[in-house]
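**Student:** Going by mature numbering (1 follows the signal peptide of the UniProt record, and there is no 0), the letters in the sequence shown line up with residues -24 to -1, 1 to 348, in that order. Each residue gets a CB set at the ideal place from its N, CA and C atoms; glycine is no exception. Below: one structure in structure tokens.
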Amino acid sequence: MNTKLASQVGVTALVAALGAPAFAGPTYENSSGGTFRYYGQFNPSFQSFDDGADDFSALVDNANSNSRIGFWLEQPFGENTLRFNFETAFGLRSSDGVDQNGRPQNISWDRTRIRKVDIQYATPRYGTFSFGQGSMASDGLAESDLSGTGVIQTSAIADSAGGFLFRSSTGTLSSVSIGSAFRSLDGGRLGRVRYDTPEFSGFTVSASYGEEILRSNSDREAYDIAVRYTNDDLGDFTINGALGAVWNENGPGTKTRDIVASFAALHEPTGVSFAVAAGDRDTGGDYGFAKLGYTTNFLSVGATSFAVDYYDGSDMVTSGDNAESWGVAAVQNFDNLNLETYVAYRDYSYSDTSATSYQDSSSIMAGARWKF
């Protein structure tokens, strides 16, 4: 890292850490026990990408956990609860939307930025029924993580710089993007109906059917099923895991089936954690991901977390291709400010069966997430 870049990274993190106020949205309650609360977060970041020939820098919104605002309305009916959740991203320039050919506008909001318009009916006996725009059952399947670095480092490799293109050894830009080569096959959000069972000994089973309702001219449909497990009372260990399958159809002849799984464990006395994830697509494409983390309390202001990871995927763009990435990250919490500052470095390499040779790329992200 050159001196100028190091200075920019340091200043960005320092300004974010010192400039964010401490604030939390209150909860309002009516006479019958109903509540209203709002929430949100800002997650600005400095992004630098090196494609082997040129460097590109920008201020972006961290797509690993983008800036957003939302609210919850909840009304109990006996032992059951009716909930409504609205959530939207602010539409700030996203870290996965920048490339060598230009930057999107600083702010660009349209209806595709809406994350949730979700009605839920939760019952302790029969589970939770959800209707509307929101998470499919498979959303988050690949992201079991107890490292404390999820704000900047997950199996979703493309979130940090997914729009950038690999450059060939001749210096020309290829058509292969970071986002197309490094996929987690994780589920997403659609207009859907979803059911979650009650928790049984740490296990929850979920299923959903959804359609794309926010993007014009999209025929995407999906249905999925997932099993999740969490146990924070396993001696010195906390573990969680997820396994599921999702069937996607984007029009006639474009059906795919993805199987995704992840697992994470934390040894609480030492702060050492590890996580693994894997995915497979029946029409081609599979990957494995591993992560080792360490959390400690160097500072009284909050926990400090470090992690290193490795991703290996194949057949994601064309048959016979290979994509590899490794990354390191550090996150510092400031508990009284509801703030996390972070810095991360990632290296990318790609090869395929064509005569083209691709240069390695790398990215740096440094920023802060403030929650309210």
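Considering only their Cβ atoms, is the gap separating alanine 157 from tyrosine 263 smaller than 8 Å?
**Tutor:** The residue given as residue 263 occupies position 287 in the sequence shown. The residue given as residue 157 occupies position 181 in the sequence shown. Result no, Cβ atoms of tyrosine 263 and alanine 157 do not sit closer than 8 Å.
**Student:** Can you confirm whether the region 242 to 250 touches the region 207 to 215 when touching is taken to mean that 3 or more C-beta pairs between the two stretches lie within less than 8 Å?
**Tutor:** yes
**Student:** Given 8 Å as the limit, is there contact between the region 280 to 296 and the region 86 to 103, that is, 3 or more CB pairs closer than that?
**Tutor:** no
**Student:** Apply the 10 Å Cβ neighbour rule to phenylalanine 274 and answer buried if 16 or more other Cβ atoms are within range, or exposed otherwise.
**Tutor:** The count along the sequence shown starts at 1 and reaches residue 274 at position 298. With fewer than 16 other Cβ atoms within 10 Å, it is exposed.
**Student:** Taking the DSSP output, what are the residues bridged to tryptophan 48?
**Tutor:** Counting from 1 along the sequence shown, the entry for residue 48 is found at position 72. Per DSSP, Arg13, Asn61.
**Student:** If you follow the alpha helix (DSSP H) that leucine 29 is part of, which residue opens it and which one closes it?
**Tutor:** Here residue 29 refers to the residue found at position 53 of the sequence shown. Residue identity check: residue 29 is alanine in the sequence provided, not leucine. Segment: none, alanine 29 is in no alpha helix (DSSP H) and carries neither H nor E.
**Student:** For the candidate residues Leu166, Asp94, Glu316, Pro228, whose alpha-carbon lies nearest to that of glycine 186?
**Tutor:** Here residue 186 is taken as the residue at index 210 of the sequence shown, counted from 1. That would be Leu166, whose Cα lies nearest to the Cα of glycine 186.
**Student:** Answer with buried or exposed for threonine 177, where buried requires no fewer than 16 other C-beta atoms within 10 angstroms of its C-beta.
**Tutor:** The residue labelled residue 177 in the question sits at position 201 within the sequence shown. One detail in the question is off: residue 177 reads as serine in this sequence, not threonine. Exposed: under 16 other Cβ atoms inside 10 Å.
**Student:** Grouping DSSP H, G and I as helix and E and B as strand, with all else coil, what is alanine -1?
**Tutor:** Stepping through the sequence shown from its first residue, residue -1 is reached at position 24. Bear in mind that the predicted position of alanine -1 carries a pLDDT of just 49, short of 50, making it unreliable; the figure below should be weighed with that in mind. Here DSSP, grouped into helix, strand and coil, assigns alanine -1 to coil.
**Student:** Tell me the start and end of each unbroken beta strand (DSSP E) in the region 229 to 273 that is at least 3 residues and wholly inside, in chain order.
**Tutor:** Qualifying beta strand (DSSP E) stretches, in chain order: 231 to 243, 248 to 257.
**Student:** Is there contact between the region 221 to 231 and the region 246 to 255, where contact requires at least three CB pairs shorter than 8 Å?
**Tutor:** no
**Student:** Check whether the region 63 to 76 touches the region 36 to 43, taking contact to mean three or more Cβ pairs, one atom from each stretch, closer than 8 Å.
**Tutor:** They touch, by the three-pair rule.
**Student:** Classify aspartate 291 as helix, strand or coil using the three-state DSSP reduction.
**Tutor:** For this step, residue 291 is matched to residue 315 along the sequence shown. Aspartate 291 falls in the coil class under three-state DSSP.
**Student:** Near residue 370, what residues of its chain come up, given a Cβ to Cβ distance below 6 Å and the 5 sequence neighbours on each side ignored?
**Tutor:** With the chain running from -24 to 348 in the structure shown, residue 370 is simply not present.
**Student:** Assuming the contact rule is C-beta atoms closer than 8 Å, alanine 344 and leucine 315 should be a hit. Round their C-beta distance to whole Å, please.
**Tutor:** The sequence position of residue 344 within the sequence shown is 368, counting from 1. The sequence position of residue 315 within the sequence shown is 339, counting from 1. 6 Å between Cβ atoms; contact.
**Student:** Determine which residues share a DSSP beta bridge with glutamine 96 and list them.
**Tutor:** As a working mapping, residue 96 is identified with position 120 in the sequence shown. For glutamine 96, which the question treats as bridged, DSSP gives the partners Arg59, Ser106.
**Student:** Could you check whether the Cβ of serine 131 sits closer than 7 Å to any heavy atom belonging to the ligand HEM?
**Tutor:** The ligand content of the structure shown is nil, which means the ligand HEM is not present either.
**Student:** Return the bridge partner residues of serine 184 from the DSSP annotation.
**Tutor:** Position 208 of the sequence shown, counted from the start, is the residue given in the question as residue 184. For serine 184, which the question treats as bridged, DSSP gives the partners Arg170, Asp200.
**Student:** How far does the beta strand (DSSP E) with isoleucine 215 in it extend, from its first residue to its last?
**Tutor:** Start at 1 with the first residue of the sequence shown, and residue 215 comes out as number 239. Here the beta strand (DSSP E) through isoleucine 215 covers 213 to 225.
**Student:** For threonine 329 and alanine 221, what's the separation of their Cα atoms in angstroms?
**Tutor:** Sequence index remark: in the sequence shown, residue 329 carries index 353 (1-based). Sequence index remark: in the sequence shown, residue 221 carries index 245 (1-based). Between threonine 329 and alanine 221, the C-alpha separation is close to 29 Å.
**Student:** First and last residue of the beta strand (DSSP E) that includes residue 352?
**Tutor:** Since the displayed the chain opens at -24 and closes at 348, residue 352 lies outside it and no answer follows.
**Student:** Could you give the DSSP three-state label for asparagine 298: helix, strand or coil?
**Tutor:** The count along the sequence shown starts at 1 and reaches residue 298 at position 322. Note: asparagine 298 maps to strand in three-state DSSP.
**Student:** How would you label tryptophan 85, buried or exposed, when you count the other beta carbons within 10 angstroms and need 16 or more for buried?
**Tutor:** The sequence position of residue 85 within the sequence shown is 109, counting from 1. Answer is exposed; the Cβ neighbour count stays below 16.
**Student:** With distances taken Cα to Cα, identify the nearest neighbour of asparagine 38 among Gln23, Val181, Asp31.
**Tutor:** Position 62 of the sequence shown, counted from the start, is the residue given in the question as residue 38. Of the candidates Gln23, Val181, Asp31, the one whose C-alpha sits nearest the C-alpha of asparagine 38 is Gln23.
**Student:** What span of residues does the beta strand (DSSP E) with glutamate 316 cover, start to end?
**Tutor:** Mapped onto the sequence shown, residue 316 falls at position 340. For glutamate 316, the uninterrupted beta strand (DSSP E) segment begins and ends at 315 to 327.
**Student:** Could you spell out where the beta strand (DSSP E) holding serine 338 opens and where it closes?
**Tutor:** Here residue 338 refers to the residue found at position 362 when the sequence shown is read from its first residue. Segment 337 to 347, the beta strand (DSSP E) holding serine 338.
**Student:** Could you please give the first and the last residue of the uninterrupted beta strand (DSSP E) stretch that includes leucine 68?
**Tutor:** Mapped onto the sequence shown, residue 68 falls at position 92. Bounds of any beta strand (DSSP E) do not take in leucine 68, whose DSSP letter is neither H nor E.
**Student:** Using a Cβ-Cβ cutoff of less than 7 Å, which residues in the same chain neighbour valine 36 once the five nearest sequence positions on both sides are dropped?
**Tutor:** The count along the sequence shown starts at 1 and reaches residue 36 at position 60. Closer than 7 Å at Cβ, skipping near neighbours: Ser21, Gln23, Arg69, Ser70, Ser71, Val74.
**Student:** Out of Asn77, Ile128, Arg159, Glu175, which one is the CA nearest neighbour of methionine 292?
**Tutor:** Mapped onto the sequence shown, residue 292 falls at position 316. Considering only alpha carbons, the answer is Arg159.
**Student:** What does a CB cutoff of less than 6 Å around glutamate 55 pick up in its chain, not counting 5 residues either side in sequence?
**Tutor:** As a first step, residue 55 must be located in the sequence shown, where it is residue number 79. The answer, listed in chain order, is Pro100.
**Student:** Starting from the Cα of phenylalanine 250, find the closest Cα among Gly1, Gly164, Gly124 and give me that residue.
**Tutor:** Along the sequence shown, read from residue 1 onward, the residue named residue 250 stands at position 274. Of the candidates Gly1, Gly164, Gly124, Gly124 places its Cα closest to the Cα of phenylalanine 250.
**Student:** Figure out for me which residue from Met112, Asp121, Gln109 has the closest Cα to the Cα of residue 349.
**Tutor:** An answer regarding residue 349 cannot be provided, because it is not within the stretch -24 to 348 covered by the chain.
**Student:** Alanine 113 by DSSP, collapsed to three states: which one?
**Tutor:** Counting from 1 along the sequence shown, the entry for residue 113 is found at position 137. Alanine 113: coil per DSSP, three-state reduction.
**Student:** Return helix, strand or coil for residue 349, following the three-state DSSP convention.
**Tutor:** Since the first residue of the chain shown is -24 and the last is 348, residue 349 is not available in this structure.
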